[in-house]
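Colleague:
Residue numbers (our numbering), protein chains in the order written: chain X, 1 to 81; chain Y, 1001 to 1432.
1. Quick one: is residue 1 of chain X buried, meaning 16 or more other Cβ sit within 10 Å of its Cβ, or exposed?
2. Could you please give me the residues that DSSP links to residue 61 of chain X through a beta bridge?
3. Let me make sure I understand the geometry here. Which of Y:1346, Y:1403, Y:1336, Y:1288 has the alpha-carbon closest to that of residue 1013 of chain Y?
4. Taking just the CA atoms, how far does residue 79 of chain X sit from residue 32 of chain X?
5. Which residues in the same chain as residue 1265 of chain Y place their Cβ atom closer than 7 Å to its Cβ, once the five residues preceding and following it in sequence are excluded?
6. What residue range is occupied by the uninterrupted beta strand (DSSP E) comprising residue 1036 of chain Y?
7. Using beta carbons (cut-off 8 Å, strictly below), is residue 1133 of chain Y in contact with chain X?
8. So what does DSSP say about residue 1399 of chain Y, is it helix, strand or coil?
9. Helix, strand or coil, according to DSSP, for residue 1184 of chain Y in the structure here?
10. Does residue 1342 of chain Y get closer than 8 Å to chain X when you measure Cβ to Cβ?
11. Would you please verify whether the beta carbon of residue 1364 of chain Y is less than 8 Å from any beta carbon of chain X?
12. So which of Y:1022, Y:1010, Y:1326, Y:1011 has the shortest CA-CA distance to residue 1299 of chain Y?
13. For residue 1389 of chain Y and residue 1116 of chain Y, which I take to be in contact (beta-carbon distance under 8 Å), what is that distance rounded to the nearest angstrom?
14. Just checking: is the beta-carbon of residue 14 of chain X within a distance shorter than 8 Å of some beta-carbon in chain Y?
15. Classify residue 1080 of chain Y: buried if its beta carbon has 16 or more other beta carbons within 10 angstroms, exposed otherwise.
16. To which residues of the same chain is residue 15 of chain X closer than 6 Å at the C-beta, ignoring the five residues directly before and after it?
17. If you draw a straight line from the alpha carbon of residue 1283 of chain Y to that of residue 42 of chain X, how long is it in whole angstroms?
18. Distance, Cα to Cα, residue 1461 of chain Y vs residue 1402 of chain Y?
19. Rounded to the nearest angstrom, what separates residue 13 of chain X and residue 1225 of chain Y at their Cα positions?
20. Taking only beta-carbon atoms, is residue 1384 of chain Y less than 8 Å away from chain X?
21. Chain Y beta carbons: is any one of them nearer than 8 Å to that of residue 8 of chain X?
22. Within 8 Å (strictly less), CB to CB, does residue 77 of chain X reach chain Y?
23. Give the residues of chain Y in contact with residue 50 of chain X, contact being defined as C-beta atoms less than 7 Å apart.
24. Which residues in the same chain have their Cβ closer than 6 Å to the Cβ of residue 1127 of chain Y, if we skip the five residues on either side of it in sequence?
25. For residue 71 of chain X, which option in X:40, X:18, X:34 has the closest C-alpha, if you only look at C-alpha atoms?
26. Should the region 1173-1188 of chain Y be regarded as contacting the region 1301-1316 of chain Y, the criterion being three or more beta carbon pairs within less than 8 Å?
27. Output the boundary residues of the alpha helix (DSSP H) element that contains residue 1417 of chain Y.
28. Curious, which full-length beta strand (DSSP E) runs of at least 3 residues does the region 1318-1374 of chain Y contain?
29. Report yes or no: is there a C-beta of chain Y within less than 8 Å of the C-beta of residue 70 of chain X?
30. Residue 1340 of chain Y and residue 1177 of chain Y - do their beta-carbons sit closer together than 8 Å?
31. For residue 1006 of chain Y, which of helix, strand or coil comes out of DSSP?
32. Taking only the alpha-carbon atoms, compute the straight-line gap between residue 1416 of chain Y and residue 1018 of chain Y and give it to the nearest angstrom.
33. Work out the CA separation of residue 1077 of chain Y and residue 1040 of chain Y for me, nearest whole Å.
34. Tell whether a beta-carbon distance below 8 Å holds between residue 1350 of chain Y and residue 1363 of chain Y.
35. Going along the region 1040-1051 of chain Y in order, which residues come within less than 8 Å of chain X, judged by CB to CB distance?
36. Counting C-beta neighbours from all protein chains within 10 Å, is the total for residue 1358 of chain Y 16 or more, i.e. buried, or is it exposed?
So, in structure tokens, the structure goes:
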């Protein structure tokens, strides 16, 4: 098992296996990735960068497709919208 | 703007799954300068996806990935093609950089995605694609002790179930919409495909004790803020099953957006090709799922033919025709077996969202007459996925067909769209 690293999801520290994607960290945290245009919570659907449901704010950059971004130590992630 | 790089190739392959790897390897082994661009972080595509928790590849994957390493192919991973600014040049965008790639010959191996059908509750967090959940698990998501219902259609469902079980998930139910008699005919026809029989037996052993319902499909997902249970139709009755995840996919749809943008004609929704995998667009070849959803073995053969033909090795390519012919029959068998039943057209309620990007409900879409009218009047298909999810759904629900693909083929950063290509395409005639 690879060693863990910690990222912050909506302010909460989350330990993930090294190499995990940001979408995984958000799922472990139980936090939605984004809020839809009518206010629904949404999270990853396709897991392969096509559906754009997993976009969130990663290190200040909005609309980041979290299923395609590997976690880095001390990353700050928050729900988009 | 981030780092700007330019690369020039005799043969450029778009897509790093089995078809793309096979094409790139054969072209490079023929002596061409080959680039392989893929949006994932490592070669392998969806079926041979690696990750922190997934180190076990099947032997075929290991041998192709090793051959790729030895072949001298330049892999450009984490780069998504978004635009063709001029003939013979493609642009790709990474997390903080942009690539300009010029080529003599292009091989498109853009793969397939899952088909999603809308039903009440399908937008809840933890309702995911079957392949989608598998990709997340391979990317580190722990599912040990989680209850996962798998529903939809196609052989992928069983492969996903097996993978999730190996990672400790409990699978209370697999719902396959195809009826039992079609699946029985499918199983009988596998006699001509020994490698598929081996896969089938392995899956059967790995899934011992898991309930597989045929003629069964999801009716509604329930939960407050996230999934808690799913109601399925099973043997004509509805049944509620509590679960942590619903992994849902109704077979696969080919990724034809980039081929269409580059001028490749489609036939019955697939990229039209000749015997040498050449499309109707000049110097553009296509291999794998975009030419017909047929699985990994067919993708490998088609990729090899494309890579050989792209480098003028017609004789070697021709030697693979009979193998391809047999595997294409398997693709037709898949289409016949996992065709969608008409009951699935009535799953959505008036409030069910069909377009997840723009939150457009079924009630607003059923008044529309075409995909184009729906886009103009409701914004369906106008969000960031550009209709990749709701397009195939509306095609099934309303028989609409998407009418055009416009650049950029994926949303891209403004500064990357504004980048001016500096390449002069390589002299033509030397690559084929």
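Where is the CB? At the ideal position from N, CA and C, for every residue including glycine. Computed from a predicted structure; not experimentally measured.
Modeller: Straight from the coordinates:
1. Residue placement at residue 1 of chain X is poorly supported in this model, since its pLDDT is 49, which falls under 50; the coordinates are not used for a value here.
2. According to DSSP, which records beta bridges pairwise, residue 61 of chain X is partnered with X:58.
3. Distances from the CA of residue 1013 of chain Y to each of Y:1346, Y:1403, Y:1336, Y:1288 were compared; the closest alpha carbon is that of Y:1288.
4. In a straight line, the C-alpha of residue 32 of chain X is about 6 Å away from that of residue 79 of chain X.
5. Once the five neighbours on either side are set aside, the close Cβ partners of residue 1265 of chain Y are 1272, 1280.
6. Segment 1034-1038, the beta strand (DSSP E) holding residue 1036 of chain Y.
7. Chain X contact via Cβ: present.
8. In the three-state scheme derived from DSSP, where H, G and I count as helix and E and B as strand, residue 1399 of chain Y is classed as coil.
9. In the structure shown, residue 1184 of chain Y sits in a helix (DSSP, three-state: H, G or I).
10. Cβ-Cβ to chain X under 8 Å: no for residue 1342 of chain Y.
11. No - not a single Cβ of chain X is within 8 Å of the one on residue 1364 of chain Y.
12. Ranked by how close their Cα comes to the Cα of residue 1299 of chain Y, the residues Y:1022, Y:1010, Y:1326, Y:1011 have Y:1022 in first place.
13. The pair is a contact, with the Cβ atoms about 6 Å apart (cut-off 8 Å).
14. Interface residue (Cβ-Cβ distance to chain Y less than 8 Å): residue 14 of chain X is not classified as such.
15. Residue 1080 of chain Y should be labelled buried.
16. The residues 4, 6, in chain order, have a CB closer than 6 Å to that of residue 15 of chain X in the same chain once the five nearest residues on each side in sequence are set aside.
17. Straight-line Cα distance between these residues: approximately 41 Å.
18. Within the shown structure, residues of chain Y are numbered from 1001 to 1432, placing residue 1461 of chain Y beyond reach of any answer.
19. Per the coordinates, the alpha-carbon of residue 13 of chain X lies some 21 Å from the alpha-carbon of residue 1225 of chain Y.
20. By this cut-off, residue 1384 of chain Y is an interface position.
21. Taking Cβ atoms only, chain Y never reaches closer than 8 Å to residue 8 of chain X, which makes this a no.
22. Chain Y contact via Cβ: absent.
23. Against residue 50 of chain X, the close residues of chain Y are 1113, 1385, 1388, in the order they occur along the chain (beta-carbon pairs closer than 7 Å).
24. Counting only Cβ-Cβ distances below 6 Å, and skipping sequence neighbours, we find 1221, 1227, 1246.
25. Cα-wise, what sits closest to residue 71 of chain X is X:18.
26. Using a Cβ-Cβ distance cut-off of 8 Å, the region 1173-1188 of chain Y and the region 1301-1316 of chain Y are not in contact, since fewer than three pairs of beta carbons, one from each stretch, lie closer than that value.
27. Where residue 1417 of chain Y is concerned, the enclosing alpha helix (DSSP H) starts and stops at 1414-1418.
28. Counting whole runs of 3 or more residues, the region 1318-1374 of chain Y contains the beta strand (DSSP E) stretches 1353-1355.
29. Closer than 8 Å to some Cβ of chain Y, the Cβ of residue 70 of chain X qualifies, so yes.
30. For the pair residue 1177 of chain Y and residue 1340 of chain Y, the CB atoms are nearer than the 8 Å cut-off.
31. Here residue 1006 of chain Y carries a strand assignment [DSSP, helix/strand/coil].
32. Cα to Cα, the separation comes out at about 29 Å.
33. Going by C-alpha positions, residue 1040 of chain Y is about 6 Å away from residue 1077 of chain Y.
34. Yes, the pair counts as a contact, with Cβ atoms nearer than the cut-off.
35. Against chain X - using a Cβ distance shorter than 8 Å - the residues of the region 1040-1051 of chain Y are 1040, 1041, 1046, 1051.
36. Classification for residue 1358 of chain Y: buried.
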